[in-house]
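Numbering (the working numbering), first residue to last: 164 to 240.
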């Protein structure tokens, strides 16, 4: 099974519609390539990072790196 097919199958298991699963898998591979270039990650590290983010999203969690900044308290007078 190709990497693309394996990722598409995973996307299907996580609830992606069949018509969208392969496109999602292609985007994951594309983003992994970008992360490899930007952050110097290995292919495995980049895919693991992205799949972890997807798993968190599937579980309804937001990764700390995507949390909005804490609101600043108004200065006390």
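We put the beta carbon where it would ideally sit given N, CA and C, even for glycine. These numbers come from a predicted model, not from an experiment.
#1: In three-state terms, what does DSSP make of residue 183?
#2: Mapping the DSSP letters down to three states, classify residue 178 as helix, strand or coil.
#3: Could you work out which residue in 210, 178 and 180 is closest to residue 191 when comparing CA atoms only?
#4: Does the distance from the C-beta atom of residue 213 to that of residue 198 stay below 9 Å?
#5: How many Å lie between residue 216 and residue 164 at the Cα?
#6: Closest to residue 167 by CA distance: which of 221, 225, 177 and 189 is it?
In this structure, then:
#1: Indexing the chain shown from 1 puts residue 183 at position 20. In the structure shown, residue 183 sits in a helix (DSSP, three-state: H, G or I).
#2: As a working note, residue 178 is residue 15 in the chain shown. If DSSP states are grouped into helix, strand and coil, residue 178 belongs with coil.
#3: One-based indexing of the chain shown puts residue 191 at position 28. With distances taken between Cα atoms, residue 191 lies closest to 210.
#4: Counting from 1 along the chain shown, the entry for residue 213 is found at position 50. Counting from 1 along the chain shown, the entry for residue 198 is found at position 35. It is a contact, given that the beta carbons lie within the stated cut-off.
#5: The count along the chain shown starts at 1 and reaches residue 216 at position 53. The count along the chain shown starts at 1 and reaches residue 164 at position 1. Taking the straight line from one Cα to the other gives about 23 Å.
#6: Translated into the one-based positions of the chain shown, residue 167 becomes position 4. The candidate whose alpha carbon is nearest that of residue 167 is 189.
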